[in-house]
Amino acid sequence: MPDSAVRAPSTATAAGIALLTIIGAVHLLYAHGYYVLVAYVGALFYATVASAVVVAVGLVRGARVWGWTLGVLLAVATLAAYIASRTIGLPMFPVLPWQDPFGLAAVGAEALFIILGVIVLRTPSRSVKHNHGGLVAEMRSEHVHDASARRVLIPSENRPDD
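With my numbering as the guide, the letters of the sequence shown map in order to residues 1 to 162.
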């Protein structure tokens, strides 16, 4: 693989990014209207959109642990807020009906992201071990994107003659 090649994301990562896109798009769709109605709710919707973008970029760049962890926390928070807004209500915000199709799409995406995120985080990451003249280095394969990043610096006393 050439140094400049970009690895295709795993199926789980691609699915996670697709789910984050749904979550972000639905929240962006409603953010302005809710901001006009109750400013803090609209601001939370905009924060959800920004967070979904940050997590998606992190996943694209291979941030396995913090990307999936932050994504799961985001999905749990938005799912909890949706349930609260439909049951007990939010301060200064009317209780809304459950039947909103876009809201249900976001809820489904959030639930699926939580399940997928837990599976990914509980699955051990693949490791690549290199032994160079007694110096052992371990690199997580999710974070290695090009051949130059795979090189391990070998102390001069252990370096083979050129």
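By construction, the Cβ of each residue, glycine as well, lies at the ideal position given by its N, Cα and C atoms. Bear in mind that the values here come from a model prediction, so they are computed numbers and not experimental data.
**OP:** Return helix, strand or coil for Leu79, following the three-state DSSP convention.
**Re:** helix
**OP:** Run the CB neighbour count on Ile23, radius 10 Å, all protein chains shown included, and call it buried at 16 or more, exposed below.
**Re:** buried
**OP:** Put Leu96 into one of helix, strand or coil per three-state DSSP.
**Re:** coil
**OP:** Under the assumption that Val49 contacts Leu28 (Cβ atoms under 8 Å), give the Cβ distance between them as a whole number of angstroms.
**Re:** 5 Å
**OP:** State buried or exposed for Leu96, treating a residue as buried only when at least 16 other CB atoms are found within 10 Å of its CB.
**Re:** exposed
Original post:
Applying the criterion that 16 or more other CB atoms from any shown protein chain within 10 Å of the CB defines a buried residue, is Ala80 buried or exposed?
Top reply: exposed
Original post:
According to the neighbour-count rule (16 or more other Cβ atoms, all chains shown, within 10 Å of its Cβ), is Leu104 buried or exposed?
Top reply: exposed
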